[in-house]
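This report concerns only the one structure given below.
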Ligand code: F6P
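Residue numbers (my numbering): 1 to 339.
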């Protein structure tokens with residue numbers, strides 16, 4: 001869509017795993033479109049809905065009061081059909097048939113790969129990074145991460161109460177797909193004994209069993225091990241700890257409760273702001289980009305550039321956590337020196 005084209009109608013969709021804050025982003029899109037006199041179509045069930053024309057008209061009434069609601073009012077789905085050139089072409093044809101000139105897609109990196117294909121057919125697309133995993137390389141923050149961390153922290157705090165009463169070891173598996181960002185945040189925030197993430201190799205005897213023994217000798221009578229699902233199955237970790245240490249151990253997989261719940265302030269504010277920014281970029285004639293955060297600033301970068309970036313794990317934070325947990329002065333000073 002060139003700068004001279006008037007923007008009359010846009011679409012918005014949510015795709016991939018849902019996350020708290022998606023509705024805030026949808027509301028930001030609809031309110032900004034309404035303010036600019038642009039018609040807004042809600043595309044239900046992600047790209048699958050785009051292909052089959054599963055649309056609803058979105059006006060201010062539909063999005064009233066959704067900022068604080070978890071999930072996505074537009075539903076979401078993972079569409080294998082959209083991974084085919086025929087599926088993308090069909091989606092573009094549906095857009096042209098419906099007069100949809102631009103689309104705001106809210107989701108993870110898989111969503112952005114699909115978006116990039118769609119732009120090849122002349123449909124303008126702006127991406128909003130939204131996943132509880134916080135694993136999108138181009139942005140320091142993805143909508144949903146803060147709320148998911150808080151949900152998990154609340155659960156681990158509750159588990160710690162009962163593990164303390166029974167002098168047990170609690171092994172908690174958290175989400176994060178192939179990344180350990182969620183596990184690291186939850187582990188630090190709950191004063192966990194050990195955090196296992198896919199980004200850091202570990203020797204079970206030395207880095208788990210021995211560390212629990214050291215903590216026990218230091219006077220701790222209950223222990224918390226946070227396991228990122230991408231590291232290894234948490235149930236196996238619990239069984240190995242029980243066998244190796246003789247400590248009464250319980251396993252909890254937090255699972256999908258990390259995806260639900262009312263979004264916390266950061267996810268509401270970032271969602272609303274990115275929804276606003278996405279529509280203003282479309283109105284300014286932008287054809288293809290992702291809105292990203294760098295610290296507290298918003299930037300935008302082309303999909304190809306965005307998808308080429310990988311998210312760095314915070315190894316310094318991880319090392320400092322371990323040093324603080326085991327009062328390991330040398331590691332602590334070394335990790336601060338390297339910052
Ligand atoms: O990407 C978000 C996420 O919650 C991951 O952390 C998790 O591994 C995955 O989605 C679960 O996918 P599904 O909801 O399809 O089971």
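Heads up, the beta-carbon is just placed ideally off N, CA and C, and yes, glycines get one too.
The residue among 251, 243 and 81 with its C-alpha nearest the C-alpha of residue 235 is 251. Beta-bridge analysis with DSSP links residue 251 to 171. In this structure, residue 22 has its beta carbon at no less than 6 Å from each heavy atom of the ligand F6P. Judged by DSSP secondary structure, residue 57 falls within the beta strand (DSSP E) whose first and last residues are 55-57. In the structure shown, residue 124 falls within a strand segment according to DSSP collapsed to helix, strand and coil. For residue 163, there is no enclosing beta strand (DSSP E); the residue is part of the alpha helix (DSSP H) that begins and ends at 145-166.
The beta-carbon separation of residue 151 and residue 257, rounded to 6 Å, stays under the 8 Å limit for a contact. Between the region 174-181 and the region 193-204 there are three or more C-beta pairs closer than 8 Å, enough to call the two in contact. The DSSP assignment places complete beta strand (DSSP E) segments of no fewer than 3 residues inside the region 15-54 at 39-43, in order along the chain. Within the model, the alpha-carbon separation for residue 32 versus residue 207 is close to 51 Å.
Spatial neighbours of residue 231 in its own chain (CB-CB distance under 6 Å, excluding positions within 5 residues in sequence) are listed in chain order as 196, 197 and 198. Under the criterion of beta carbons closer than 8 Å, residue 10 and residue 99 do not qualify as touching, at roughly 10 Å. Secondary structure at residue 212: helix, using DSSP grouped into helix, strand and coil. In the structure shown, residue 140 adopts coil according to DSSP, grouped into three states. Residue environment for residue 37: exposed (fewer than 16 other C-beta atoms within 10 angstroms of its C-beta). With contacts defined as CB atoms closer than 7 Å, residue 137 and residue 16 fail to qualify as a contacting pair. Rounded to the nearest whole angstrom, the C-alpha separation of residue 22 and residue 77 is 14 Å. Taken through DSSP and simplified to helix, strand or coil, residue 304 comes out as helix.
Setting aside the 5 residues that flank it on each side, residue 254 is surrounded in the same chain by 152, 155 and 174, each with a C-beta closer than 6 Å to its C-beta; the list follows chain order. From the listed residues 133, 94 and 237, the smallest Cα separation to residue 259 is found for 133. Segment contact: the region 271-281 against the region 292-303, three or more CB-CB distances shorter than 8 Å; contact assigned.
Under DSSP, residue 224 takes part in a beta bridge, and its partners are 170. The nearest non-hydrogen atom of the ligand F6P is 6 Å or more from the C-beta of residue 93. With respect to the 7 Å criterion, residue 186 and residue 143 are not classified as neighbours on the basis of their beta carbons.
The ligand F6P never approaches residue 147 closely enough for any of its heavy atoms to be under 6 Å from the residue's Cβ. Counting of Cβ neighbours within 10 angstroms places residue 316 among the exposed residues, the total staying below 16. Under DSSP, residue 278 forms no beta bridge with any residue. Comparing alpha carbon positions, the residue from 194, 85, 311 and 283 closest to residue 8 is 283. Here residue 78 carries a coil assignment [DSSP, helix/strand/coil]. Taking a C-beta distance under 7 Å as the contact criterion, residue 46 and residue 80 do not qualify as a contact pair.
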